[in-house]
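Chains A and B, in that order, are what the protein sequence lines are.
Just so we're aligned: the first sequence equals residues 1159 to 1495 in the numbering used here.
Just so we're aligned: the second sequence equals residues 4 to 626 in the numbering used here.
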Amino acid sequence: MTDTSTRTEPADWATDQEVRWCPGCGDYSILTAMRMLMPELEVDRENTVFVSGIGCAARFPYYMNTYGMHGIHGRAPAIATGLAMARPDLDVWVIGGDGDMMSIGGNHLIHALRRNVNLNILLFNNMIYGLTKGQFSPTSEVGKVTKSSPMGSLDSPFNPMSVALGAEASFVARTHDMDRQHMMEMFRRAHDHKGASIVEVFQNCNVFNDGAWEGITKKGNRDSNLISLEHGKPVKFGADGEFGVVIDNGTAKVVSVADVGESALLVHDETKPDPSTAFMLSRLSRGPFEPTPIGVFRAVERIEYATSSTAQLAMAQNDKGAGDLSSLLRSRGTWQV
Amino acid sequence: MTDTAPRELPLQELDEVIIRFAGDSGDGMQLTGDQFTSISAALGNDLATLPEFPAEIRAPQGTLAGVSAFQVRISDFAITTPGDAPTVLVAMNPAALKAQLPNLVQGGAIIINTDAFSEKNLEKAGYESNPLEDGSLDGYRSYPVPMSQITRDAVAEHGVKPRDAERSKNFFALGLISWMYTRPVEPTMEFIGTKFRGKELVIKANEAAFHAGYNFGETAELFESHYEIKPAELPKGEYTNVNGNTAIAWGCAAAGQLARLPVFLGSYPITPASDILHDLSELKHFGVRTFQAEDEIAAAASAVGAAFGGALAFTTTSGPGVALKGETLGLAVSLELPLVVIDIQRGGPSTGLPTKPEQADLLMAMYGRHSESPMPIVAPKSPADCFNAAIEACRIALRYRTPVMLLSDGYLATSSEPWLLPDIDSLPDIGVDFHTGFNGTNEDGDGIFLPYLRDSETLARPWAIPGTPDLMHRIGGIEKEDESGNISYDPANHQKMIDLRAAKIEGIDVPDVEVAGDPDADFCMLGWGSTWGAIDAAVDRLQAAGKKVAHVHLTHLNPFPKNLGEVLSKFETVICPEMNAGQLVDLVRAKYLLDVKPVNKMNGVPFTTAEIESAALQAIEAS
Ligand SMILES: Cc1ncc(C[n+]2csc(CCOP(=O)(O)OP(=O)(O)O)c2C)c(N)n1
Ligand code: SF4
Ligand SMILES: [Mg+2]
């Protein structure tokens, strides 16, 4: 950010390209949240890059008036890693779907997270392959009937939060496409975090998996099924905060506050160095039909990858002096003829 | 050995010698060979080396699979290969003898560590009877030397334990060979001092072993004479000894300076390419950033990301890795970003022969991506030439904003030759400017940036990197509209973009081929890559025998030099020796409708000069 930058408007972040998602797709509200957030971050468009893989979600960069790269299926975290290493001065966002990031690109995702490269990774989870017209994805529930699984899918789904915490990601959060303010807050937190941040966004694919998240994100269901995690506060939910979460014998459990008493509830600590409690929270829900936590699961400080890489370059220059080609070619001994 | 006083042995002059040091992988043969090479280089000989490593890291001791060898050829004339067959074999154990004897020339000399020929070791090597006694070595000059014992005796006075003493026997062998070829003692003493700095006992032991070997040659009545190889007539100047992989690494670092760009390498370890990753990882003070990725796809993808950010980006690998990178390279073709892909070819298919060379990735480099995704290809011809080839690949990548394939192989990777160091100031400036301003206007007359508006001469698109105000743009693998770069599914536009991408690569400014040997000959040998040395040497021999032979060598395989078709069509017969099943032949036949004849070899061993000479003689006879 430069001091002279004048404050931008959301419209400044939009391109002239027509947005081509299906009408009603959850991706629109994510795009809006992002365009609205950008002016608040007070960053410059030219120093912001969106990198994506392939899928409906991955079209996102075309709609942001920043630098952008629409890559290949699954490889966005790897492309972005190279960019963030070569250019630690940039804000690099990575956008992809559940197929892109959990299936073909699962390997790149966990490695970007464990290295703690300074990336803001947004995983648009619609539990389906949208762009290829509706096959089950690695986050689809067992028994999902699709064109490629007419008798129901056999695969157990990944829980992206558990995967990310398993990879010891330093910032792990979840939000959903029905709550713009919450999305903006999570994206802001991801942006402000130095290191790899991953935000899972529950996203509705109204064409191939309509209503998949309704059980928890629909207005009437939120009170009973969305648990909003807040740092330093007891984990509570319900219309009147009547439910809570305790850790019982290594497992997170939903309880009635009246039964256990307020003091027995788990007090959420997103900064806890050990990811185990966050992992337990991520295991609380088996799917969008029972109480499911959203918000920041984990936000810990850990040395950022490109920073370390740059430090090594500086250290080497300090020790050996700036690289001199002539002495390099003579470094293994020479002789005169 | 009765007489301990130095004897006056006749000094015989040789024009060359090819020595192969062979032993168990733990015997230090590479170190021994390297050091012998260094001393000979300092004496002014021309030389070429060929190391041979076992495929397994810790193959069982004493077995054939565990044999490690190092061949060095030194001469008083200019050479281009490490030689067809060794004339001297140093065999440290039975397995080394068994594995290497078939390579030795008839009548060649074998210096044998007889102490290693125990019953157990003979059995491990698969000998049913002792070759030292059963006549197996008839027809060779064998010199049995109890190396282990003498070494143990020599180091004992320094208080070295007998078990540790064994480790110094390679220095005994080096001392003996140094005596045989009248190499000076001092440089090796210096080398031992530096190499084992801080380990006084090891220094003492190695020094003692070396002297014991040297004195043994002088005093034992085993050898009839010793030899001298005079300095070669080489161009004047300062030389270093370099192998292909190091020369590539240095070329990459040099290219970064010549282009004034930070270097980024994304790589995943694989034999025989890993040493480039290792070497570049040592060059952080050059601003070289290396990234060991989780796989080859990520390695290539990270390099694409770095190139987008304005780095001079590389990815290094071998054939299996290129196969994995294919889709990402297609993306790079579509994005039109500079990127250099380095393939150190090894035997395939699949894991194949990881430590053996092949030239069989040419068609993969040419066509190994889906659809029409042309990529320039550059191939070095010798270890030292790897430096120039790396810079040339970068020049093309930067000037034309394209991924470029640099095709080296396992032979060039590890073999070494003296390199007349270039004058740094004479290296080309390969820098290009980033684009920083608008290059078009919209309907309202406002300035806009068109990321696919091409340079009229090179057809390269502008390279505008993130951080540049006003030039925000999006690029991707989906087909894009000419000039604007916006997504376009328009049929005519797709045709146009396919044509433009092809024209850009076809139009690269590749230097014309030159004809070596006799340009008026009817017979020509066409080659590319590492076969250059053997073909060049064969041309010399054929010419010496009165044959008229021409030699055309290709450094650029895509696009071909503009004059290639015309040059080749002048010859009645063209043969093309390649370490593949005829891949360059296919390309040349398809492009020029010329009936170039294949000469192929794929046994993991580079062509010998004799093989090429005999293929040429056959072809000349048949025509
Ligand atoms: C190498 C490769 N394999 C397969 C595809 C086809 N493909 C494109 S997107 C996609 C899955 C998309 O699902 P997801 O990542 O969840 O994104 P969504 O469309 O749901 O947003 C697939 C299989 C491809 N483009 N490239
Ligand atoms: S297919 Fe689904 S995810 Fe894709 S744009 Fe349409 S609604 Fe959105
Ligand atoms: Mg999806």
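We put the CB at the ideal spot given by N, CA and C, even for glycine.
Values in this document were obtained by computation on a predicted structure and should not be read as measured data.
Could you tell me which residues DSSP puts in a beta bridge with residue i?
{"i": "residue 576(B)", "result": "526(B)"}
{"i": "residue 1217(A)", "result": "The partner list for residue 1217(A) (beta bridge, DSSP) is empty, contrary to what the question assumes."}
{"i": "residue 53(B)", "result": "74(B)"}
{"i": "residue 1457(A)", "result": "1329(A)"}
{"i": "residue 1228(A)", "result": "1210(A) and 479(B)"}
{"i": "residue 295(B)", "result": "270(B)"}
{"i": "residue 14(B)", "result": "229(B)"}
{"i": "residue 242(B)", "result": "1493(A) and 423(B)"}
{"i": "residue 1287(A)", "result": "1293(A)"}
{"i": "residue 1304(A)", "result": "1307(A)"}
{"i": "residue 1282(A)", "result": "1255(A) and 1359(A)"}
{"i": "residue 93(B)", "result": "24(B) and 114(B)"}
{"i": "residue 348(B)", "result": "412(B)"}
{"i": "residue 444(B)", "result": "450(B)"}
{"i": "residue 259(B)", "result": "The partner list for residue 259(B) (beta bridge, DSSP) is empty, contrary to what the question assumes."}
{"i": "residue 603(B)", "result": "581(B)"}
{"i": "residue 1425(A)", "result": "1392(A)"}
{"i": "residue 1414(A)", "result": "1401(A)"}
{"i": "residue 1387(A)", "result": "1453(A)"}
My guess is that residue i and residue j are in contact by the Cβ rule of under 8 Å, so how many angstroms apart are they, rounded?
{"i": "residue 107(B)", "j": "residue 77(B)", "result": "17 Å between Cβ atoms; not a contact."}
{"i": "residue 439(B)", "j": "residue 339(B)", "result": "Residue 439(B) to residue 339(B), Cβ: 18 Å. No contact."}
{"i": "residue 1241(A)", "j": "residue 312(B)", "result": "5 Å"}
{"i": "residue 463(B)", "j": "residue 258(B)", "result": "The Cβ separation is near 17 Å, so there is no contact."}
{"i": "residue 1338(A)", "j": "residue 1187(A)", "result": "6 Å"}
{"i": "residue 151(B)", "j": "residue 208(B)", "result": "Not quite, the Cβ-Cβ distance comes to about 13 Å (not below 8 Å), so this is no contact."}
{"i": "residue 67(B)", "j": "residue 129(B)", "result": "7 Å"}
{"i": "residue 236(B)", "j": "residue 424(B)", "result": "The Cβ separation is near 18 Å, so there is no contact."}
{"i": "residue 310(B)", "j": "residue 316(B)", "result": "4 Å"}
{"i": "residue 1328(A)", "j": "residue 1315(A)", "result": "No, residue 1328(A) and residue 1315(A) are not in contact; Cβ-Cβ is about 24 Å, not under 8 Å."}
{"i": "residue 72(B)", "j": "residue 23(B)", "result": "6 Å"}
{"i": "residue 1232(A)", "j": "residue 1269(A)", "result": "So it is not a contact: roughly 12 Å between Cβ atoms."}
{"i": "residue 1334(A)", "j": "residue 1375(A)", "result": "5 Å"}
{"i": "residue 1352(A)", "j": "residue 1476(A)", "result": "Wrong, their Cβ atoms sit about 23 Å apart, outside the cutoff."}
{"i": "residue 1247(A)", "j": "residue 470(B)", "result": "7 Å"}
Cβ of residue i versus every heavy atom of ligand 1: is any distance shorter than 7 Å?
{"i": "residue 1284(A)", "result": "yes"}
{"i": "residue 1215(A)", "result": "yes"}
{"i": "residue 1290(A)", "result": "yes"}
{"i": "residue 481(B)", "result": "no"}
{"i": "residue 1262(A)", "result": "yes"}
{"i": "residue 330(B)", "result": "yes"}
{"i": "residue 1287(A)", "result": "yes"}
Is any heavy atom of ligand 3 found at a distance shorter than 7 Å from the C-beta of residue i?
{"i": "residue 1211(A)", "result": "no"}
{"i": "residue 385(B)", "result": "no"}
{"i": "residue 1232(A)", "result": "no"}
{"i": "residue 1295(A)", "result": "yes"}
{"i": "residue 1256(A)", "result": "yes"}
Residue i: beta carbon under 7 Å from a heavy atom of ligand 2?
{"i": "residue 264(B)", "result": "no"}
{"i": "residue 1360(A)", "result": "no"}
{"i": "residue 1363(A)", "result": "yes"}
{"i": "residue 1371(A)", "result": "no"}
{"i": "residue 1335(A)", "result": "no"}
{"i": "residue 253(B)", "result": "no"}
At what residue ranges does the segment 1354 to 1384 of chain A contain a whole run of the beta strand (DSSP E), taking only runs of 3 or more? 1355 to 1360
Contiguous alpha helix (DSSP H) assignments of at least 4 residues, all confined to the segment 367 to 422 of chain B: 388 to 403 and 413 to 417
Would you mind listing the beta strand (DSSP E) stretches within the segment 483 to 570 of chain B that are 3+ residues and don't spill past its ends, in chain order? Every beta strand (DSSP E) stretch that sits fully inside the segment 483 to 570 of chain B and reaches 3 residues is listed by chain position as 518 to 520, 526 to 531, 553 to 557 and 559 to 561.
Completely contained alpha helix (DSSP H) runs for the segment 105 to 184 of chain B, where each covers 4 or more residues: 122 to 127, 150 to 159, 165 to 168 and 172 to 183
Ignoring anything shorter than 3 residues, give me the beta strand (DSSP E) runs that lie fully in the segment 278 to 344 of chain B, in order along the chain. 291 to 295 and 315 to 320
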